[in-house]
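Residue numbers (the working numbering), protein chains in the order written: chain U, 76 to 281; chain C, 76 to 281; chain D, 76 to 281; chain F, 76 to 281.
A quick write-up on the structure given underneath.
4 protein chains.
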Amino acid sequence: MTRKPQQQRAKATVDAIVQAGFLCLAKHGIEGTTTRHIADEAGIGVGSLYEYFANKQEVMDAMYQMVVADVVSMIQPLTPRLVKMEIHEAVRTLLYEFRELLMRDDARYLKYASQAVNVAQRDNLEPINKILNDLVVQYVMHHPEVMRLRNLPVMSYIIINGGIFSVIRHLGESAPMLTFDQLAGGLADMAKHVMDGEMRKVDNEQ
Amino acid sequence: MTRKPQQQRAKATVDAIVQAGFLCLAKHGIEGTTTRHIADEAGIGVGSLYEYFANKQEVMDAMYQMVVADVVSMIQPLTPRLVKMEIHEAVRTLLYEFRELLMRDDARYLKYASQAVNVAQRDNLEPINKILNDLVVQYVMHHPEVMRLRNLPVMSYIIINGGIFSVIRHLGESAPMLTFDQLAGGLADMAKHVMDGEMRKVDNEQ
Amino acid sequence: MTRKPQQQRAKATVDAIVQAGFLCLAKHGIEGTTTRHIADEAGIGVGSLYEYFANKQEVMDAMYQMVVADVVSMIQPLTPRLVKMEIHEAVRTLLYEFRELLMRDDARYLKYASQAVNVAQRDNLEPINKILNDLVVQYVMHHPEVMRLRNLPVMSYIIINGGIFSVIRHLGESAPMLTFDQLAGGLADMAKHVMDGEMRKVDNEQ
Amino acid sequence: MTRKPQQQRAKATVDAIVQAGFLCLAKHGIEGTTTRHIADEAGIGVGSLYEYFANKQEVMDAMYQMVVADVVSMIQPLTPRLVKMEIHEAVRTLLYEFRELLMRDDARYLKYASQAVNVAQRDNLEPINKILNDLVVQYVMHHPEVMRLRNLPVMSYIIINGGIFSVIRHLGESAPMLTFDQLAGGLADMAKHVMDGEMRKVDNEQ
DNA sequence: CATGAATGAGTATTCATTCAT
DNA sequence: AATGAATGAATACTCATTCAT
Chain U
76 MTRKPQQQRA
86 KATVDAIVQA
96 GFLCLAKHGI
106 EGTTTRHIAD
116 EAGIGVGSLY
126 EYFANKQEVM
136 DAMYQMVVAD
146 VVSMIQPLTP
156 RLVKMEIHEA
166 VRTLLYEFRE
176 LLMRDDARYL
186 KYASQAVNVA
196 QRDNLEPINK
206 ILNDLVVQYV
216 MHHPEVMRLR
226 NLPVMSYIII
236 NGGIFSVIRH
246 LGESAPMLTF
256 DQLAGGLADM
266 AKHVMDGEMR
276 KVDNEQ
Chain C
76 MTRKPQQQRA
86 KATVDAIVQA
96 GFLCLAKHGI
106 EGTTTRHIAD
116 EAGIGVGSLY
126 EYFANKQEVM
136 DAMYQMVVAD
146 VVSMIQPLTP
156 RLVKMEIHEA
166 VRTLLYEFRE
176 LLMRDDARYL
186 KYASQAVNVA
196 QRDNLEPINK
206 ILNDLVVQYV
216 MHHPEVMRLR
226 NLPVMSYIII
236 NGGIFSVIRH
246 LGESAPMLTF
256 DQLAGGLADM
266 AKHVMDGEMR
276 KVDNEQ
Chain D
76 MTRKPQQQRA
86 KATVDAIVQA
96 GFLCLAKHGI
106 EGTTTRHIAD
116 EAGIGVGSLY
126 EYFANKQEVM
136 DAMYQMVVAD
146 VVSMIQPLTP
156 RLVKMEIHEA
166 VRTLLYEFRE
176 LLMRDDARYL
186 KYASQAVNVA
196 QRDNLEPINK
206 ILNDLVVQYV
216 MHHPEVMRLR
226 NLPVMSYIII
236 NGGIFSVIRH
246 LGESAPMLTF
256 DQLAGGLADM
266 AKHVMDGEMR
276 KVDNEQ
Chain F
76 MTRKPQQQRA
86 KATVDAIVQA
96 GFLCLAKHGI
106 EGTTTRHIAD
116 EAGIGVGSLY
126 EYFANKQEVM
136 DAMYQMVVAD
146 VVSMIQPLTP
156 RLVKMEIHEA
166 VRTLLYEFRE
176 LLMRDDARYL
186 KYASQAVNVA
196 QRDNLEPINK
206 ILNDLVVQYV
216 MHHPEVMRLR
226 NLPVMSYIII
236 NGGIFSVIRH
246 LGESAPMLTF
256 DQLAGGLADM
266 AKHVMDGEMR
276 KVDNEQ
């Protein structure tokens, strides 16, 4: 029977397990990670793991929640600053922060993301989508001229998804042909060009 | 010891196994796919599978080879036509063909791509990278004005990777908020904007 | 990952597995012995076997170690008495003790020895060789006249190896033409004759 | 259905299979030898193997028969010469011939003997026992004084079995401490000593 | 006669999960 | 609360044997 951790010690244990989960994933890959690995890495017995998580999947889920939460809490405090920036700088800033998050703690999250199966399937990327949408919305509110673009949702979708994947792929490359700065700059340029181009298109239509 | 299929019957068996591999992957997911599943689906005994493939991974590899080969042989004959098109139309055309390939046979390849772990890691996406590079190179040769862009490699990288992932993600969504046409159009627009924008930038620099 | 048995219960399990190993070898022969046989015979689940032994071979190795240890701890306490005996009696005594060990627990060790492949190859019969050499050395020290024999190493080799194999072979015969007493007496006589004969030879050479 | 080889070609095939059996045993060991290995080595298809042998065991049996036959046909023509020799020389000669047989064809028979499980059990070593008994009987007939020994059967048993095993063990040692010549000489000396000693005993008893 | 393709019962081994202490 | 011992269903893979061609 899973218990809600009520004491201080219990909370620490739960956390240790999730941390251990990331470490194991990085070490042994997703298929090579066993509950025993995780328990050992967390410095507890297997039995104890099952005191706090009903099964292995729940540990994975907790890891996922943590990734999502951390992405959200990276973007949230950043938003006020981002929305005031010009698009080019905003994109670059966000990407650099994103990279920092992915590389933190021995690239824990990058490795997680690279391993994570079914990326395409998960419909519960929602919180991240939501915060990104918020960001877009607020950005638009600070830059009223953008509001005229009809294509905004499509373009956001592409830039966001394409950007995320390009960065993950790039960071995982053993012999990258581009520097990260080139990539970030390129994505930022692209966003700028798209905005300018779309704007111009709207102007011409009228 | 793996045997090379010498008789007609044997060739058919090998093929049936790879086909069954795709089916099983779609049905049970990558972790849920067992050698017995594959053998059953192929209508053969487990032993027969091992007559032609040294282990499970080799079946997976054969599937991968087939995907790569099919992508290549989709793009190759298309190239002459694409290079003559204007960028916007070229991108849209390519994306529609790509979708057709992904959705073929009950979305066999789409499901494969969605499942494929470590997509980011695989450095042996090479044949596909190569054919896409060829396409870019030939496109440039037919559109000399593009040659002036310094940013070409970066932009190709982003559009290609971002585009592939956006499409896969979109096709896998159960409740997409965009139509495929919107997505393809968006990517095409984006490519156009980037080209125009970069061009303008180069012009201004001079 | 193999675990070291820490609790009392675990130690008993490890022992039960090794015991079961001998039983299975006797019942099904070396090729017919499966890990499941052993686990069943030990009254445990297969998984438990693998908690303490990395693989089947390790169980076999543990059995081997036990045989070696038991042979050694049969001879060791016997040595002081043997070295004081006359050669004929010493050989007979040792052989009878050896038989007792081989026949113990339903001839567990005899059956093991009969099955043991590559007996000839194993260079790690060492502990047994060592204790036997010790025995010879100590025997010589108590019987200084023997020291004159040049041939000692050769003769020991022959008597020891030939004796061991003759006894194993004899005990395994379904319809032996000799009694064990005849065999043991014969080996003892032989040792005596060899000693006397070699001694005489040395005398004549001088 | 197994067929008796009636044609010339068929006989050659049967022989090739048995030869291949020895080769495989030497290469892969007894547990690593598969019917496919044997068929491949013999240069035929698996199916063909089963045309001549009902199952794998029959191939092994044929190998065994061949070993036995070869041992017998080594000793048989040698017997007339051996019986005329003095005991010491007879033993040495026989052992050297035995070694030659064991080492022939890349130590094929030695490896077979080292691998052969259950050596001790097989009661059908008979043909070899018989020819050796014949040898002893004929030897006695040529050396009438030996007939007085009561212990003859026991001593033969020990010398023969002990001798065979000592030689096999010695030839298989990677770092032997004795030369073969020392071993053979030692066994010959031993036989001589035993005969002399027993003779003397009989003399004293009278 | 010859073959090699097909087979599937059988084997070693793993690992998430349970539970007695 | 914590643990580690026990478990057994599940999995990848092997190989003697059969049989259609």
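All C-beta atoms in this analysis are idealised placements derived from N, C-alpha and C, irrespective of residue type, glycine included.
C:R299 at chain U interface by Cβ criterion, 8 Å: Look at the range of chain C in this structure, 76 to 281, and you will see that residue 299 of chain C is not part of it.
6 Å CB neighbourhood of C:A195 in its chain, flanking five on each side removed: Along the second sequence, read from residue 1 onward, the residue named residue 195 of chain C stands at position 120. Low confidence applies here, because C:A195 scores a pLDDT of 43, under 50, leaving its location unreliable; read the following figure in that light. Same-chain partners within the cutoff: there are none.
Chain-ordered residues of the stretch 109-130 of chain F with a beta carbon less than 8 Å from chain D: Under the 8 Å Cβ criterion, the stretch 109-130 of chain F contributes no residue.
Cβ of U:D264 within 8 Å of any chain C Cβ: For the purposes of this step, residue 264 of chain U is identified with residue 189 of the first sequence, where counting begins at 1. Chain C contact via Cβ: present.
Residues in the stretch 134-151 of chain F having any Cβ partner in chain D nearer than 8 Å: Listed by position, the residues of the stretch 134-151 of chain F near chain D (Cβ gap below 8 Å) amount to none.
Cutoff 8 Å: F:Q257 Cβ touching any chain D Cβ: Start at 1 with the first residue of the fourth sequence, and residue 257 of chain F comes out as number 182. Taking Cβ atoms only, chain D reaches closer than 8 Å to F:Q257, which makes this a yes.
Pair within 8 Å by beta-carbon distance, F:L124 and F:A114: Counted from its first residue, the fourth sequence places residue 124 of chain F at position 49. Counted from its first residue, the fourth sequence places residue 114 of chain F at position 39. A contact, by the Cβ cut-off of 8 Å.
Amino acids of chain U, ordered along the chain, whose beta-carbon sits closer than 7 Å to that of C:D181: Your numbering for residue 181 of chain C matches position 106 in the second sequence. Among the residues of chain U, none has a CB under 7 Å from the CB of C:D181; the nearest is roughly 16 Å distant.
U:L253 - DSSP class collapsed to helix/strand/coil: On the first sequence, position 178 is the one that residue 253 of chain U refers to. Three-state DSSP puts U:L253 in coil, outside helix and strand.
Within chain C, the residues that U:V215 reaches when beta carbons sit closer than 7 Å: Within the first sequence, residue 215 of chain U is the residue found at index 140, counting from 1. The premise fails here: U:V215 is roughly 17 Å from chain C at the closest Cβ pair, so nothing lies under 7 Å.
Assigned secondary structure, U:A165 (DSSP; H/G/I helix, E/B strand, else coil): Along the first sequence, one-based indexing puts residue 165 of chain U at 90. Collapsing the DSSP output to three states places U:A165 in a helix.
Cα-Cα separation between U:G120 and U:R111, rounded to whole angstroms: The count along the first sequence starts at 1 and reaches residue 120 of chain U at position 45. The count along the first sequence starts at 1 and reaches residue 111 of chain U at position 36. Taking the straight line joining both Cα atoms gives about 8 Å.
Residue-chain proximity (C:E201, chain U), Cβ-Cβ < 8 Å: Translated into the one-based positions of the second sequence, residue 201 of chain C becomes position 126. Answer no: the Cβ-Cβ gap between C:E201 and chain U never drops below 8 Å.
Residue-chain proximity (C:A92, chain U), Cβ-Cβ < 8 Å: Taking the second sequence and counting its residues from 1, the one referred to as residue 92 of chain C is at position 17. The sequence given here places Ile at residue 92 of chain C; Ala does not occur at that position. Among the CB atoms of chain U, none fall inside 8 Å of the CB of C:I92.
C-beta neighbour in chain C for U:D209, strict 8 Å: Within the first sequence, residue 209 of chain U is the residue found at index 134, counting from 1. With 8 Å as the cut-off, U:D209 does not count as an interface residue toward chain C.
Proximal residues of chain C, C-beta to C-beta of U:L253 below 8 Å: Position 178 of the first sequence, counted from the start, is the residue given in the question as residue 253 of chain U. Neighbours of U:L253 on chain C, chain order: P228, V229 and Y232.
With 16 other Cβ atoms within 10 Å as the buried cut-off, status of F:T88: In the fourth sequence, the residue the question calls residue 88 of chain F occupies position 13. Label assigned to F:T88: buried.
Proximal chain C residues relative to U:H268, where beta-carbon distance stays under 9 Å: Walking along the first sequence from the start, residue 268 of chain U turns up at place 193. By Cβ distance, chain C contributes M265, H268, V269, M270, D271, G272, E273, R275 and K276.
Three-state class that DSSP yields for F:F97 in the structure shown: Residue mapping note: residue 97 of chain F aligns to position 22 of the fourth sequence, counting from 1. DSSP places F:F97 in helix when its eight states are reduced to three.
DSSP state of C:R84 mapped onto helix, strand, coil: Residue mapping note: residue 84 of chain C aligns to position 9 of the second sequence, counting from 1. In this structure, DSSP gives C:R84 a helical state, which the three-state scheme calls helix.
CB contact below 8 Å: C:F97 versus chain U: Locating residue 97 of chain C in the second sequence gives position 22, counting from the first residue. Judged by the 8 Å Cβ criterion, C:F97 is not in contact with chain U.
C-alpha gap between D:D180 and D:R174, whole angstroms: Working through the third sequence from its first residue, we reach residue 180 of chain D at position 105. Working through the third sequence from its first residue, we reach residue 174 of chain D at position 99. The straight-line gap from Cα to Cα measures roughly 12 Å.
Three-state secondary structure assigned by DSSP to F:R225: By one-based count along the fourth sequence, residue 225 of chain F stands at place 150. The answer is coil: DSSP assigns F:R225 none of H, G, I, E or B.
Straight-line Cα distance separating C:Y139 from U:E317: The question about residue 317 of chain U has no answer here: the residues shown for chain U are numbered 76 through 281.
Chain F within 8 Å of D:N279, Cβ atoms only: The residue given as residue 279 of chain D occupies position 204 in the third sequence. Closer than 8 Å: no.
CB contact flag (F:I206, F:V147, <8 Å): One-based indexing of the fourth sequence puts residue 206 of chain F at position 131. One-based indexing of the fourth sequence puts residue 147 of chain F at position 72. Contact flag set, yes.
8 Å Cβ cutoff, C:Q83 in contact with chain U: To locate residue 83 of chain C, count along the second sequence from 1; it is residue 8. Not closer than 8 Å to any Cβ of chain U, the Cβ of C:Q83 fails to qualify, so no.
Chain C contact for U:A195 (CB, 8 Å cutoff): As a first step, residue 195 of chain U is located in the first sequence; it is residue number 120 there, counting from the start. No answer about U:A195 holds up, because its pLDDT of 42 lies below 50 and its placement is not dependable.
Where U:F173 meets chain C, residues with beta-carbon distance less than 7 Å: In the first sequence, the residue the question calls residue 173 of chain U occupies position 98. Near U:F173 there are no residues of chain C at all, since even the closest Cβ is about 14 Å away, more than 7 Å.
Length at least 4, wholly inside the stretch 102-145 of chain D: the alpha helix (DSSP H) runs in chain order: Runs of the alpha helix (DSSP H) inside the stretch 102-145 of chain D: 110-117 and 121-127.
Below-8 Å beta-carbon distance, U:G107 vs any chain C residue: Residue numbering aside, residue 107 of chain U sits at position 32 when the first sequence is read from its first letter. So no, U:G107 is outside the interface.
Which listed residue (F:D145, F:V277 and F:L253) has its alpha carbon closest to that of F:R223: Indexing the fourth sequence from 1 puts residue 223 of chain F at position 148. Nearest option by C-alpha distance: F:V277.
Which of helix, strand or coil DSSP assigns to D:T154: For the purposes of this step, residue 154 of chain D is taken as residue 79 along the third sequence, with counting starting at 1. Correct three-state label for D:T154: helix.
Supposed close pair F:V269, F:M230 - CB separation, criterion 8 Å: Along the fourth sequence, read from residue 1 onward, the residue named residue 269 of chain F stands at position 194. Along the fourth sequence, read from residue 1 onward, the residue named residue 230 of chain F stands at position 155. Approximately 6 Å separates the beta-carbon atoms of F:V269 and F:M230; this is inside 8 Å, confirming the contact.
Residue-level contact to chain F via CB, D:K204, 8 Å cutoff: In the third sequence, residue 204 of chain D corresponds to position 129, counting from 1. A quick correction: the sequence has Asn, not Lys, at residue 204 of chain D. With its beta carbon at least 8 Å from every one in chain F, D:N204 lies outside the interface.
Endpoints, the alpha helix (DSSP H) within which C:P202 is located: Position 127 of the second sequence, counted from the first residue, corresponds to residue 202 of chain C. From DSSP, the alpha helix (DSSP H) with C:P202 extends over E201 to H217.
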